[in-house]
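Comments concern the structure below.
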Amino acid sequence: MAGAEKKAHGVGLARARRAHAAAALVLAEADGAATAVPEAVPLLAMAIRHLARAEGSVEDPSQLSLPGLEPEERDRLLALMPRILAAAGDVTATGEEKGLPDRDALEDAAALLGAVLAASQPASLRDRATRMVAIALALGVAGLLLAAVGRDDVGWQGRYYQQPDLSGSSIVRRDPRVEFQWNNGPPLPDLPEDDFSVRWDTCLQLGRQQTLEAFLGSNDGIRLYVDGELFVDSWFDRSFTSQSYALTLDAGSHHLAVEYYDRAGEAGVVARFLEPGLRPVPLPPERFRLPTGDPDGPEACN
Ligand SMILES: [Ca+2]
0 MAGAEKKAHG VGLARARRAH AAAALVLAEA DGAATAVPEA VPLLAMAIRH
50 LARAEGSVED PSQLSLPGLE PEERDRLLAL MPRILAAAGD VTATGEEKGL
100 PDRDALEDAA ALLGAVLAAS QPASLRDRAT RMVAIALALG VAGLLLAAVG
150 RDDVGWQGRY YQQPDLSGSS IVRRDPRVEF QWNNGPPLPD LPEDDFSVRW
200 DTCLQLGRQQ TLEAFLGSND GIRLYVDGEL FVDSWFDRSF TSQSYALTLD
250 AGSHHLAVEY YDRAGEAGVV ARFLEPGLRP VPLPPERFRL PTGDPDGPEA
300 CN
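Be aware that the sequence shown starts at 0, since it is given in numbering that gives the first Met the number 0, and climbs by one per residue.
Written out as structure tokens, the structure is:
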């Protein structure tokens, strides 16, 4: 790729990422409301157009390279793109392409486009960038948008205990995500370096039934509860160990609780929830809302 072409490619992708992040935010914000559909359509159409420009003004979306998707996912996105462009008024709608795609179709398109954008790096970057760098870029944009709308109900409620068994008084704070590497230090100034514990609670919002990848890592113990049921139980001393679990959830709000303790030495914990695929993509941060009820009771997310 020549220099100017490479630059246009990078600019096109950056614009596609911004439009895509805005569409994902609109869909997540509206929480099932039908108003999200007309708002998200032009943003998704914009993301598709910028993606096409990044590939040298491809006129026909079916000619896009669409990296990062399984063949079946690629077919789904190829079927959705003309419908979205038609609904946004970009092309003349005919036959089945007429009418507004429904919310599920738009969420599917947003997730698939997210995977494509995470996998689409300019050639110069692709060689040295890891998948995590691409994901961090995508998350950075979503994070900025989130800050712009000033949401303070997004993330996890963290309760930090001075004991390793989640007992006694706790320090409560909001954490945007559960991803910490404390090494040999304390997690908070008022906590010990060893023998502390933390519980995080959130309400995960899903617009449709999905099978997610739950990626859990910890030094030392970790437990995951899903809607009050113990789902992962690794409550023992260990060096940093991580594992992925398949988690199928219906559409709606789901209470996730992560419990963690550090016994001695190094301390760190990660709990990520991703859309699985060739290149798993983290769920947008705005899908995680602070509990609206008692996080220890059965109505945490109702
Ligand atoms: Ca430890």
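C-beta atoms are modelled at their ideal positions from N, C-alpha and C, and glycine is treated no differently.
With contacts defined by Cβ atoms closer than 7 Å, residue 285 and residue 110 do not form a contacting pair. If you check the C-beta of residue 216 against ligand 1, you find no heavy atom less than 6 Å away. The bridge partners DSSP lists for residue 174 are 155.
Within the same chain, 15 come within 6 Å of residue 50 by CB-CB distance, once the 5 residues on both sides are set aside. DSSP places residue 167 in the coil class of the three-state scheme, outside both helix and strand. Closer than 6 Å to some heavy atom of ligand 1: that describes the Cβ of residue 265.
Short note on residue 262: C-beta closer than 6 Å to some heavy atom of ligand 1. As the crow flies, the alpha-carbon of residue 174 is around 18 Å from that of residue 261. In this structure residue 81 is buried. Its beta-carbon is surrounded by 16 or more other beta-carbon atoms within 10 angstroms. A distance criterion of 6 Å places the beta-carbon of residue 219 in contact range of ligand 1, judged by its closest non-hydrogen atom. Residue pairing by DSSP leaves residue 161 without any beta bridge partner.
The beta carbon of residue 280 lies closer than 8 Å to those of 110, 113, 114, 117, 134, 137, 273 and 274 in the same chain, with the five residues before and after it left out. Under the rule that a run must span 3 or more residues, the beta strand (DSSP E) segments found entirely inside the segment 210 to 236 read 220 to 225 and 228 to 233. Annotated three-state conformation of residue 82 is helix, per DSSP. In the three-state scheme derived from DSSP, where H, G and I count as helix and E and B as strand, residue 276 is classed as coil. In the structure shown, residue 191 adopts coil according to DSSP, grouped into three states. Put simply, of 45, 60, 283 and 76 the residue whose alpha carbon is nearest the alpha carbon of residue 204 is 283. DSSP, read as helix, strand or coil, puts residue 109 in helix. Straight-line spacing of the CA atoms in residue 103 and residue 22 works out to 13 Å.
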